[in-house]
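For reference, the structure is listed below as structure tokens.
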Amino acid sequence: MTGRPPQARLNRKQKGAAAEQAAVHYLLSRGYRIVARNWRCRSGELDVVAEREGTLVFVEVRSRSGHGAQGTPEESVDMRKIRQVRATAEVYIHQVGTAGRTVSFDVIAVQLGEGAEVVSLNHIRGAF
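The sequence shown begins at 538 in my numbering and counts up one residue at a time.
Structure (structure tokens):
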């Protein structure tokens with residue numbers, strides 16, 4: 538016996554929050570300015586809205602943990618998710634008043650280890 542309590546397994550929400558925090562840290566370290574996080578409306582949620590060099594960037598953060606039995610985080614971005622993010626971004630642009638700006642839809646795919654440590658992070662610019 539080591540005297541340490543057993544490490545609690547993280548739930549899905551905690552893992553998602555860890556992946557989003559890693560994505561935000563990554564973006565900040567590369568000169569992006571974070572405009573909004575977890576912005577919600579009736580059509581859905583935007584994980585991260587950032588800005589860099591005049592471009593408004595809508596970032597979908599996807600994560601997986603473990604040994605990849607469910608596929609990669611990148612593979613989890615399907616047409617339904619793309620439509621939802623685009624529709625939500627349209628509402629954001631209308632409500633916030635950023636019409637006419639150049640936009641990009643990026644994906645940040647985060648592979649997490651068992652303790653929610655980042656194993657890999659892949660930024661796909663202009664993913665859809």
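Glycine is no exception: its CB is placed at the ideal position from the N, C-alpha and C atoms.
Every value quoted in this text rests on a predicted model; they were computed, and no experiment measured them.
Problem - For G666, three-class secondary structure by DSSP - result: Nothing can be reported for residue 666: it is not among the residues displayed for the chain, which extend from 538 to 665.
Problem - E611 - DSSP class collapsed to helix/strand/coil - result: As a first step, residue 611 is located in the sequence shown; it is residue number 74 there, counting from the start. DSSP, read as helix, strand or coil, puts E611 in helix.
Exercise for the section: Quick one: grab the DSSP three-state call for E623. Expected result: Translated into the one-based positions of the sequence shown, residue 623 becomes position 86. Sequence inspection shows Arg at residue 623; the Glu mentioned does not correspond to that position. Residue state, collapsed to three classes: helix.
Handout entry: CA-to-CA distance, L583 to V630, given in whole angstroms
Key = As a position in the sequence shown, residue 630 is number 93, starting the count at 1. As a position in the sequence shown, residue 583 is number 46, starting the count at 1. The sequence given here has Ile at residue 630, not Val. Going from the Cα of I630 to the Cα of L583 covers about 12 Å.
Handout entry: Selected residue, minimal CA-CA separation from S657, among M616, D615, R623, T609
Key = Residue numbering aside, residue 657 sits at position 120 when the sequence shown is read from its first letter. The candidate whose alpha carbon is nearest that of S657 is T609.
Problem - Beta carbon of S600 nearer than 9 Å to that of A664 - result: Position 63 of the sequence shown, counted from the start, is the residue given in the question as residue 600. Position 127 of the sequence shown, counted from the start, is the residue given in the question as residue 664. Cβ distance not < 9 Å, so S600 and A664 don't count as in contact.
Handout entry: Reduced DSSP secondary structure (H/G/I, E/B, other) of A664
Key = The residue you call residue 664 lines up with position 127 of the sequence shown. DSSP, read as helix, strand or coil, puts A664 in coil.
Handout entry: DSSP-derived helix/strand/coil call for A560
Key = Looking up residue 560 in the sequence shown gives position 23. Helix at A560.
Exercise for the section: With a 10 Å radius around its C-beta and 16 neighbouring C-beta atoms as the bar for buried, classify L649 as buried or exposed. Expected result: Translated into the one-based positions of the sequence shown, residue 649 becomes position 112. With 16 or more other Cβ atoms inside 10 Å of its own Cβ, L649 counts as buried.
Practice task
Determine the contact status of I645 and V598, defining contact as a CB-CB distance below 9 Å.
Solution key: What you label residue 645 is simply residue 108 of the sequence shown in a count that begins at 1. What you label residue 598 is simply residue 61 of the sequence shown in a count that begins at 1. Less than 9 Å divides the Cβ of I645 from the Cβ of V598.
Practice task
Look up A646 in the DSSP assignment and give the residues it is bridged to.
Solution key: Walking along the sequence shown from the start, residue 646 turns up at place 109. In DSSP, A646 forms a bridge with R599, N659.
Problem - Spatial distance of S641 from E651 (CA atoms) - result: Locating residue 641 in the sequence shown gives position 104, where the first residue counts as 1. Locating residue 651 in the sequence shown gives position 114, where the first residue counts as 1. Straight-line Cα distance between these residues: approximately 32 Å.
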